[in-house]
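Going letter by letter, the sequence shown gives residues 10 to 203 in our numbering.
One structure is given here, and the rest of the page talks about it.
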Amino acid sequence: MKTVVLTGGIGSGKTTVAKMFAALGVPIYIADDEAKKLMVNSVVIKQKLTALFGEEAYIDNALNRPFLAKAIFNDKALLEQMNAIVHPEVGAHFEIWKAEQNAPYVIKEAAIIFENGSYKHYDCIITVHAPEAIKIERVLQRDDTSEEKIKAIMKNQWSDSEKIKRSHYVIENLNLDDTRLQVSEIHAKLLKLK
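Structure below.
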């Protein structure tokens, strides 16, 4: 079974594209969603995050997201330390999930595969991209955040042009009908891969 990774910067529309692949019957693993669950349910992660951030990392056994977001906002080293705790656990969880699937290929939707070097572990890379202004507009509509915070996240991610150079397929996500057509074409190609 092939392992395909679907990536793209914040606001590119990875989740929208993932849902289009899911509608075609492809098993989808949303790494960000699973990471959020593991940060609450994994004893190992909770112990390590508490050691890194202090007791404030959790309130009443729930992840203190505002506290963590503020702590890592302008501290790249701290962000990297947190990712070094969470990402290996998510990777192990993904492998267990993948072993339970029965399909020609599975898709892992993940944002920072290039930044952490994990892109080397996939059979195929699909990058979703859109112009920066559109990405910012999408995130402002979706999340309770500011343009400053979005741009800070973008600064910690590789540029689309760098991601595209290392990708097997690229989906330009501007118009849903066009995006759906691109997804169908890539799906047909992936089914032919041996």
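Cβ coordinates follow ideal geometry from the N, Cα and C atoms, glycine included.
Burial state of residue i (16 or more Cβ within 10 Å)
i    : result
G34  : exposed
N70  : exposed
F123 : buried
M48  : buried
A66  : buried
K172 : buried
For residue i, three-class secondary structure by DSSP
i    : result
A177 : Per the sequence presented here, residue 177 reads as His, with Ala not at that position. H177: coil per DSSP, three-state reduction.
L72  : strand
E118 : strand
Distance CB(residue i)-CB(residue j) smaller than 9 angstroms
i    : j    : result
I180 : V26  : yes
T136 : D169 : yes
S176 : T16  : yes
A120 : G22  : no
Y114 : L202 : yes
E43  : V99  : yes
I159 : G20  : yes
K107 : M10  : yes
I94  : L88  : no
N- and C-terminal bounds of the alpha helix (DSSP H) containing residue i
i    : result
H196 : L185 to K201
T136 : Segment C133 to H138 is the beta strand (DSSP E) holding T136; no alpha helix (DSSP H) there.
I37  : It is not in any alpha helix (DSSP H) - I37 instead sits in the beta strand (DSSP E) that spans I37 to I39.
I106 : Checking the displayed sequence, the identity of residue 106 turns out to be Trp instead of Ile. Segment K85 to A108, the alpha helix (DSSP H) holding W106.
T25  : K23 to A32
Boundaries of the beta strand (DSSP E) in which residue i is found, first to last residue
i   : result
T12 : K11 to T16
Taking contact to mean at least 3 C-beta pairs separated by less than 8 angstroms, is the stretch 141-154 in contact with the stretch 186-198?
Note that the stretch 141-154 does not touch the stretch 186-198; fewer than 3 beta-carbon pairs, one per stretch, sit closer than 8 angstroms.
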